[in-house]
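Here's the structure we're looking at; comments come further down.
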Amino acid sequence: MVRVHVGRPPENNPFIECTNSKTSAISPHFSYNFFIYEGIKMDYPNFTSEYKSLMAKYLTKDIFNELKELKTANGYTLFDAINSGIKNPDSGIGIYAGDEESYTLFAPLFDKIIEDYHGFSKSDMHKSNLNAEDLNAVNPDPEGKYIVSTRIRVGRNLHNLPLGPAISKEQRSYVEQSVSDILKSLDGDLAGSYYPLDGMSEEDRASLIADHFLFKAGDRFLEAAGLNRDWPSGRGIYHNSAKTFLVWINEEDELRIISMQKGGDIKSVFSRLTTAIMFLEKKIEFSYSQHLGYITSCPTNLGTAMRASVHIALPKLAADMESFKAIADKYYLQIRGIHGEHSQSEGGIYDVSNRRRLGVSEVECVQDMYDGVVALIAAEKKLENF
Ligand code: ADP
Ligand code: ARG
């Protein structure tokens, strides 16, 4: 009987982590791979009770058997797609696409996850609206008592190239070169410079991260998805001198286009972002489908690929997390800590953002966030007067 270990290897485990040609036949993308015992490749994962992800919920034995032999034109397999969720049992989603084709080839699994996360079915169509004039968002905190800063980002990936989990070093470098060249042609308040990660001083990198401008290194979910391969080659950040407009290159998505500033003028932040998006859309063809909207490596970002957030101080409400969460749920909001995903709150300040991204327009995403923030501030004020 051959036993196959799935997930993190226990100390002194008898299983071999393979990097040899046998595993590269399963996956050409990783220098590490699944746990193989005596040359036998991983079988249906042993989803113990630790596994919480939507991938673990929907990957039935039947779906596994239906998909396990398939490979996209870029050589991306089911094993590549689920590796992050297998290696990180605490994943909430646990799956990444290697290319646009992953969403159709592995549809029996992706569709269920997309439907569960976004409430969006196979026959639904995405919609887009980038007209900032349609947003109803007068600054809800003109005195700057609650909202520390506002940030809105979208993810984008180049049409006809693999997504980050399956991209080659050369393709990644092509993205960096071509996109940074185009960004250099921006003018006015979007004009800035590109700073590659390769060669950036440790001091500069740490201060950009601490000030919330740059992505961190070493995320374990991205690592297991193959998104950190060849680090730091091909990665970098473009920003204007005020650091109110930024573009991350080759992180979780090939582009993360970001507009941010201090305070709660959400409409200005959105306007700056839409101006930049419209400029870039004229120069670059991004991966987009009528059904799924902008194609992203993680299914949570499909559609608008937009996360509109504020860093907001709500000390009284935060003392009653149940009420905080109830308001967040009512307005489709997500609560994060202030150092990005999987971080904790500090000093009673939270990152509050839209949760819905697919089947709703960009204007609706920001409106969700805005309406929720207005309700949260009203609840905080009520508690202050209690
Ligand atoms: P993403 O927004 O790209 O999904 P993260 O949640 O990891 O990824 O956030 C990326 C960075 O953006 C982190 O440093 C985070 O603190 C910062 N950030 C997010 N929202 C805001 C905001 N409203 N103001 C300032 N920084 C923010
Ligand atoms: N893969 C991680 C998980 O399943 C993150 C998912 C959503 N976040 C993201 N950055 N794509 O929990």
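The opening residue of the sequence shown carries number 12 in the working numbering; numbering runs sequentially from there. Yeah, the Cβ is synthetic: ideal placement off N, Cα and C, and Gly gets one too.
Neighbourhood of residue i by C-beta distance below 7 Å, restricted to the same chain and skipping five residues each side
{"i": "Glu373", "result": "Ser139, Asn140, Leu141, Thr315, Met317"}
{"i": "Ala319", "result": "Ile163, Ser364, Asn365, Cys376, Val377, Met380"}
{"i": "Thr399", "result": "The question about residue 399 has no answer here: the residues shown for the chain are numbered 12 through 397."}
{"i": "Asp309", "result": "Reading off the sequence, residue 309 comes out as Cys, not Asp. Ile104, Tyr107, Glu263, listed in sequence order."}
The ligand ADP heavy atom lying under 7 Å from the CB of residue i
{"i": "Ser160", "result": "yes"}
{"i": "Arg366", "result": "no"}
{"i": "Gly402", "result": "The structure shown does not extend to residue 402, since the chain is modelled only from 12 to 397, so the question has no answer here."}
{"i": "Met271", "result": "yes"}
{"i": "Arg267", "result": "yes"}
{"i": "Val377", "result": "no"}
{"i": "Asp276", "result": "no"}
{"i": "Asp110", "result": "no"}
Test item: CB-CB of residue i and residue j under 8 Å
{"i": "Val186", "j": "Asn261", "result": "yes"}
{"i": "Ala324", "j": "Ile360", "result": "yes"}
{"i": "Gly348", "j": "Val363", "result": "no"}
{"i": "Ser218", "j": "His322", "result": "no"}
{"i": "Pro56", "j": "Gly109", "result": "no"}
{"i": "Ile158", "j": "Gly275", "result": "yes"}
{"i": "Ala92", "j": "Phe117", "result": "yes"}
{"i": "Leu291", "j": "Ile178", "result": "no"}
{"i": "Met271", "j": "Val280", "result": "yes"}
{"i": "Trp259", "j": "Phe226", "result": "yes"}
{"i": "Leu266", "j": "Val190", "result": "yes"}
Rounded C-alpha distance that separates residue i from residue j
{"i": "Ser38", "j": "Tyr107", "result": "For Ser38, the predicted model reports a pLDDT of 45, less than 50, meaning its position is unreliable and no value from the coordinates is stated."}
{"i": "Gly203", "j": "Lys195", "result": "7 Å"}
{"i": "Ala405", "j": "Glu395", "result": "Because residue 405 is not part of the residues shown, which for the chain are 12 to 397, the question remains open."}
{"i": "Thr115", "j": "Ile295", "result": "24 Å"}
{"i": "Phe131", "j": "Leu369", "result": "7 Å"}
{"i": "Leu213", "j": "Ser252", "result": "For the record, residue 213 in the displayed sequence is Glu; it is not Leu. Spanning the two alpha carbons is a distance of roughly 20 Å."}
{"i": "Lys393", "j": "Leu387", "result": "10 Å"}
{"i": "Ile248", "j": "Gly86", "result": "29 Å"}
{"i": "Ser60", "j": "Lys341", "result": "29 Å"}
{"i": "Phe121", "j": "Ala339", "result": "26 Å"}
{"i": "Asp230", "j": "Lys180", "result": "19 Å"}
{"i": "Tyr62", "j": "Lys68", "result": "8 Å"}
{"i": "Thr286", "j": "Glu391", "result": "34 Å"}
{"i": "Gly358", "j": "Pro326", "result": "8 Å"}
{"i": "Tyr343", "j": "Glu126", "result": "16 Å"}
{"i": "Ile268", "j": "Trp242", "result": "20 Å"}
{"i": "Asn147", "j": "Asp222", "result": "29 Å"}
{"i": "Phe256", "j": "Lys156", "result": "24 Å"}
{"i": "His137", "j": "Ser300", "result": "8 Å"}
{"i": "Asp198", "j": "Asp54", "result": "54 Å"}
{"i": "Pro100", "j": "Ala84", "result": "29 Å"}
Cβ-based neighbour list, residue i, same chain, cut-off 8 Å, excluding 5 preceding and 5 following
{"i": "Asp145", "result": "Val374"}
{"i": "Pro119", "result": "Ile74, Glu77, Leu78"}
Close Cβ partners of residue i (< 6 Å) along its chain, the five nearest in sequence each way excluded
{"i": "Val385", "result": "Pro151"}
{"i": "Gly96", "result": "Ser64, Met66, Ser102, Gly105, Ile106"}
{"i": "Ser244", "result": "Asp209"}
{"i": "Ser282", "result": "Ala143"}
{"i": "Ala228", "result": "none"}
{"i": "Asn94", "result": "Ala235"}
{"i": "Ser298", "result": "Glu111, Asn168, His170, Ile306"}
{"i": "Asn207", "result": "In the sequence as presented, Asn is not what sits at residue 207; that position holds Pro. The answer, listed in chain order, is Gly247."}
{"i": "Arg183", "result": "Gly245, Asn261"}
{"i": "Lys273", "result": "Ser160"}
{"i": "Leu284", "result": "Ile163, Ser270"}
{"i": "Gln345", "result": "Ser364, Arg366"}
Local Cβ density within 10 Å of residue i, reported as buried at 16 or more and exposed below that
{"i": "Met332", "result": "exposed"}
{"i": "Val149", "result": "exposed"}
{"i": "Thr34", "result": "Unreliable placement is indicated for Thr34, whose pLDDT of 37 sits below 50; the coordinate value is still reported in the next sentence. Buried is the call here."}
{"i": "Thr71", "result": "exposed"}
{"i": "Lys98", "result": "buried"}
{"i": "Asp200", "result": "exposed"}
{"i": "Phe335", "result": "buried"}
{"i": "Glu111", "result": "buried"}
{"i": "Ser134", "result": "exposed"}
{"i": "Phe397", "result": "exposed"}
{"i": "Ala389", "result": "exposed"}
{"i": "His11", "result": "Any question about residue 11 goes unanswered here, given that the chain covers just 12 to 397."}
{"i": "Leu172", "result": "buried"}
{"i": "Leu404", "result": "The question about residue 404 has no answer, for the chain in this structure spans 12 to 397."}
Check: residue i C-beta below 7 Å from any heavy atom of the ligand ARG
{"i": "Thr315", "result": "no"}
8 Å Cβ cutoff, residue i in contact with chain D
{"i": "Asp276", "result": "Annotation note: the requested chain D is absent from the structure, which comprises a single protein chain."}
Report task. Anything with a beta carbon under 5 Å from a heavy atom of the ligand MG counts; list them all in chain order. Result -> By its list of ligands, the structure shown excludes the ligand MG, since it contains just the ligand ADP and the ligand ARG.
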